[in-house]
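Just so you know, the protein sequences line up as chains A and B, in that order. If you're matching positions, the first sequence starts at 1 in UniProt numbering and goes up one per residue. If you're matching positions, the second sequence starts at 1 in UniProt numbering and goes up one per residue. Ideal Cβ positions, reconstructed from N, Cα and C, are used throughout, including at glycine. Model, not experiment: these values are computed from the prediction.
Protein chains: 2
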Amino acid sequence: MATVKSVTEATSSWDPYARGCPSRDLLDRIGDKWSILVLGELGKQGPCRFTQLRNRLSGVSEKMLTQTLRALERDGLVRRTVYPVVPVRVEYELTPLGQTLRVPLKALTEWSVRHLAEVLAAREVYDAHAGNKG
Amino acid sequence: MATVKSVTEATSSWDPYARGCPSRDLLDRIGDKWSILVLGELGKQGPCRFTQLRNRLSGVSEKMLTQTLRALERDGLVRRTVYPVVPVRVEYELTPLGQTLRVPLKALTEWSVRHLAEVLAAREVYDAHAGNKG
DNA sequence: CAGTATCCACTATGATACTG
DNA sequence: CAGTATCATAGTGGATACTG
């Protein structure tokens, strides 16, 4: 997960693109391999148990799932509820704050869905030229 | 930069949160350390030369700046123009496609600015508890 | 069930030096 | 000026085995 950086370099008036800025911090947090997938799953389905999540995000290791969930929980985006039964049962769900993040995430998703073809096309053009030039 | 993954596992109807989905690809691309900063700078100022960019994104190495710019260029988000003068002059600018990405990026930025305090507060609470529990 | 603890590989990033 | 090449390293992600 993102290393926790000091905000020493930050400017007083937030420049969205300066180092140490909120959006960079956000990207550092959700730009990892599993965060948005977890956020997405929880957003779709509501409360979800650890193993359920692991199965839905097939491919994730227990270590990474735990790590991702802990980070999201730490940031107040996900709530973790432990039911003291045996065997223990733990449920994860989006917090209200986590819910609000779905909006900008959706904007990003929509952009990518709408422009994916263009990006892919650009890649092919670029790679073709690269092939010519070595 | 993101490893280029096969899309073999993708479902036919795009699930925004499934692996290999457009939004994941997008996050893989712009979730790195410099892409959104470069996008942001170019969005703010229009055409910009290599060294100008390097100075504005103070802290970036030439290698990373080149790598980031190449990736963005490959994806059709940034245009690279070489002026065959001596010494050579290269200008970078957002393509129309790159411009459209500023909208969802702005949504993300606004979210982070608006909710940063909550996230930070949540972290402190979490870390305080972690201290208690070991 | 829901983790934790280890060890390992790869990747991303960076410092530095060199070049057309 | 605008890179490229090389070397070094930290951090990310993963496989596996163990535990309350």
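**Request:** Could you tell me if R29 of chain B is buried or exposed, where buried requires 16 or more neighbouring beta carbons within 10 angstroms of its beta carbon?
**Result:** buried
**Prompt:** Using the rule of at least 16 other Cβ atoms within 10 Å of the residue's Cβ for burial, across every protein chain shown, is P47 of chain B buried or exposed?
**Reply:** exposed
**Request:** Determine, using beta carbons only, whether G98 of chain B comes closer than 7 Å to chain A.
**Result:** no
**Asked** Going by the CB atoms, is the gap between P22 of chain B and L108 of chain A shorter than 7 Å?
**Response** no
**Message:** Does V88 of chain A come out as helix, strand or coil in the three-state DSSP assignment?
**Reply:** coil
**Item:** Min CB distance E118 of chain A to chain B below 7 Å
**Value:** yes
**Request:** List the residues of chain A whose Cβ lies closer than 7 Å to the Cβ of R123 of chain B, in chain order.
**Result:** R74, D75
**Prompt:** Where does T100 of chain B sit, in a helix, a strand or coil, going by DSSP?
**Reply:** helix
**Message:** Against L53 of chain A, what residues of chain B qualify as contacts under a CB-to-CB distance less than 8 Å, listed in chain order?
**Reply:** Ordered by position in chain B, no residue passes the 8 Å Cβ test against L53 of chain A, which lies about 12 Å from the chain.
**Own chain partners of R54 of chain A with C-beta closer than 7 Å, once the 5 adjacent residues on each side are dropped** = V60, E62, L65
**Prompt:** Of all the alpha helix (DSSP H) runs that stay within the bounds of the UniProt domain "HTH hxlR-type" (21-120) of chain B, which reach a length of 4 or more residues?
**Reply:** 22-30, 35-45, 50-56, 62-74
**Request:** Using a Cβ cut-off of 8 Å, pull out every chain B residue sitting near P104 of chain A, in sequence order please.
**Result:** P104, A107, L108, E110, W111
**Prompt:** Given that a residue counts as buried once 16 or more other Cβ atoms are within 10 Å of its Cβ, and exposed if not, what is T51 of chain A?
**Reply:** exposed
**Asked** Could you give the distance in angstroms between the alpha-carbon of E73 of chain B and the alpha-carbon of Q99 of chain A?
**Response** 34 Å
**Asked** Does the beta-carbon distance from G31 of chain B to L27 of chain A come in below 7 Å?
**Response** yes
**Asked** So which of B:V85, B:W111, B:R102 has the shortest CA-CA distance to K44 of chain B?
**Response** B:R102
**Message:** List, in chain order, every chain B residue whose beta-carbon is nearer than 7 Å to that of G31 of chain A.
**Reply:** L27, G31
**Message:** For a contact defined as C-beta to C-beta under 8 Å, what are the partners of L101 of chain B on chain A?
**Reply:** W111, H115
**Request:** May I have the straight-line CA-CA distance separating D25 of chain B from Y126 of chain B, to the nearest angstrom?
**Result:** 31 Å
**Message:** Looking at chain A, is there any beta carbon in it that lies within less than 7 Å of the beta carbon of Y92 of chain B?
**Reply:** no
**Asked** So, using beta-carbon positions, are L69 of chain A and L37 of chain A closer together than 7 Å?
**Response** no
**Request:** List the residues of chain B whose Cβ lies closer than 7 Å to the Cβ of Y83 of chain A, in chain order.
**Result:** In chain order: nothing, as chain B lies at least about 18 Å away.
**Asked** Which residue from A:L42, A:V78, A:W34 puts its Cα closest to that of R123 of chain B?
**Response** A:V78
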